[in-house]
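Following full-length UniProt numbering, the numbering of the sequence shown begins with 1 at its first residue and continues without gaps. C-beta atoms are modelled at their ideal positions from N, C-alpha and C, and glycine is treated no differently.
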Amino acid sequence: MTLQTFPGDLAQSFSIIHRAFQRDTQPIYKALNLNVTNAYILLLLEQQGAHSQNELAKKLVINKGQITREIKRLSELGYVSQTQSIDNRTTNVIKITAAGSQVVPKIVEIRNKWWQQRLDRSHLDVDAPFAETLQTIMKELIQRSK
1 MTLQTFPGDL AQSFSIIHRA FQRDTQPIYK ALNLNVTNAY ILLLLEQQGA
51 HSQNELAKKL VINKGQITRE IKRLSELGYV SQTQSIDNRT TNVIKITAAG
101 SQVVPKIVEI RNKWWQQRLD RSHLDVDAPF AETLQTIMKE LIQRSK
């Protein structure tokens with residue numbers, strides 16, 4: 001039996017890439033008074049519109065306690081607003097504000113720059129096959145961390 005299993009290898013690649021992304025971008029986001037999870041929330045709200053806290057937690061695979069803390073932080077920064085749902089008084093609807101929308105281009109720039117560096121270091125083209133790209137980037141990240 002081979003140790004390589006295609007779906008499992010992809011999941012492992014995603015995990016390694018995600019952790020490296022967090023490690024590398026956290027100091028950059030911190031300079032913006034954000035963290036990686038804040039950035040994910042703002043991007044999702046900008047791309048898909050208002051969501052309940054529960055929907056955000058499910059889509060981003062974040063527990064309810066963490067999503068509450070993250071929304072509170074983003075609200076304090078003026079990047080999101082919370083309103084009570086008309087349909088369900090126990091549900092908060094989270095919307096991105098104009099200030100939140102203004103920071104999104106910087107978030108996208110940080111994300112795109114990180115990915116472009118990975119592609120450049122691995123000599124990959126953006127149109128390379130997906131699974132091959134993930135495997136190559138994962139190997140580069142593992143080598144870099146040694």
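Proximity below 8 Å, CB of residue i to CB of residue j
| i | j | result |
| --- | --- | --- |
| Leu43 | Val103 | no |
| Gln66 | Ile94 | no |
| Gln48 | Val36 | no |
| Ile96 | Tyr79 | yes |
| Gln82 | Ser75 | yes |
Sequence-distant residues of its chain with Cβ nearer than 6 Å to residue i (five each side left out)
| i | result |
| --- | --- |
| Tyr40 | Leu60 |
Own chain, CB closer than 7 Å to residue i, minus 5 neighbours either side, in chain order
| i | result |
| --- | --- |
| Trp114 | Phe21, Asp24, Thr25 |
| Leu119 | Val126 |
| Leu141 | Ile16, Ile17, Ala20 |
| Ser122 | Thr136, Ile137, Glu140 |
| Leu10 | Ala131, Leu134 |
| Arg73 | Asn38 |
Same chain, Cβ closer than 8 Å to residue i, neighbours up to 5 away in sequence not counted
| i | result |
| --- | --- |
| His51 | Leu44, Leu45, Lys59, Val93, Ile94 |
| Lys64 | Gln53, Asn54, Ala57 |
Residue i classed as buried or exposed, judged by whether at least 16 other C-beta atoms fall within 10 angstroms
| i | result |
| --- | --- |
| Val126 | exposed |
| Ala131 | exposed |
| Gln88 | One detail in the question is off: residue 88 reads as Asn in this sequence, not Gln. Asn88 comes out exposed. |
| Glu109 | exposed |
| Ile86 | exposed |
| Ala57 | buried |
| Glu70 | buried |
| Thr133 | buried |
| Met1 | Because the pLDDT of Met1 is 42, which lies under 50, any placement of that residue in the model is unreliable, and the number read from its coordinates should be weighed accordingly. That one is exposed. |
Candidates the options, of which the one nearest residue i by Cα
| i | options | result |
| --- | --- | --- |
| Tyr29 | Lys106, Ile96, Asp9 | Lys106 |
| residue 192 | Leu10, Gln84, Lys72, Asn38 | As shown, the chain starts at 1 and ends at 146. That puts residue 192 outside it, with no answer to give. |
| Leu77 | Gly8, His123, Asn33 | Asn33 |
Touch test, the segment 10-23 against the segment 124-138, Cβ-Cβ under 8 Å, three pairs minimum:
yes
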